[in-house]
Amino acid sequence: MKDKKVTFLVFLNMGMLAALAGLVFAARFNAASPKAGLNFELEAIAASFIGGASMSGGVGTVLGAIIGGLVLGVLNNGMNLVGIGTDWQQVIKGMVLLAAVGFDVWNKRKVGS
Numbered sequence: 052m053k054d055k056k057v058t059f060l061v062f063l064n065m066g067m068l069a070a071l072a073g074l075v076f077a078a079r080f081n082a083a084s085p086k087a088g089l090n091f092e093l094e095a096i097a098a099s100f101i102g103g104a105s106m107s108g109g110v111g112t113v114l115g116a117i118i119g120g121l122v123l124g125v126l127n128n129g130m131n132l133v134g135i136g137t138d139w140q141q142v143i144k145g146m147v148l149l150a151a152v153g154f155d156v157w158n159k160r161k162v163g164s
């Protein structure tokens with residue numbers, strides 16, 4: 052019974068934090084749009100892989116995910132400041148994600164042999 056209560060509280064906490072993030076995001080742009088958070092799931096997955104989470108079932112760390120998020124945030128901010136178009140930003144972020152996954156696979160093969 053205690054497990055169900057903890058699970059419920061975790062989901063409640065994440066729901067409240069997601070609502071707060073949505074309010075902050077809408078307040079930052081002075082507008083609300085149903086497409087405002089489009090492709091944020093790619094950002095979250097990329098941040099976790101860049102931070103060291105393994106594609107083949109390994110365990111990532113909280114610090115690694117934070118570092119991955121910071122790296123991706125700096126990359127996004129830098130590309131916006133330089134003036135790269137959003138289409139090319141997606142391509143570059145995809146290439147960085149591919150490089151992180153490729154490095155993980157290469158590292159697993161090197162350790163495995």
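My numbering applies: residue 52 is where the sequence shown begins, and numbers increase by one. Glycine included, C-beta positions come from ideal geometry on N, C-alpha and C.
As assigned by DSSP and simplified to three states, the class of residue i
| i | result |
| --- | --- |
| A104 | coil |
| K56 | helix |
| A87 | coil |
| A151 | helix |
| V98 | In the sequence as presented, Val is not what sits at residue 98; that position holds Ala. Looking at A98 - three-state DSSP - the assignment turns out to be helix. |
| N81 | coil |
Euclidean distance between Cα positions of residue i and residue j
| i | j | result |
| --- | --- | --- |
| V133 | L148 | 20 angstroms |
| V162 | L114 | 23 angstroms |
| L104 | N158 | In the sequence under discussion, the amino acid at residue 104 is Ala, which differs from the Leu named in the question. If I take the Cα positions, the gap works out to 12 angstroms. |
| A150 | E94 | 15 angstroms |
| G145 | L63 | 32 angstroms |
| W139 | S84 | 23 angstroms |
| L74 | R160 | 44 angstroms |
| K53 | K86 | 38 angstroms |
| V110 | I96 | 14 angstroms |
| K55 | V61 | 10 angstroms |
| F59 | N90 | 27 angstroms |
Assumed close pair residue i, residue j - CB separation to whole angstroms, cut-off 8 angstroms
| i | j | result |
| --- | --- | --- |
| I101 | V122 | 5 angstroms |
- What runs of the alpha helix (DSSP H), each 4 residues or longer, lie entirely inside the stretch 108–137? 113–133
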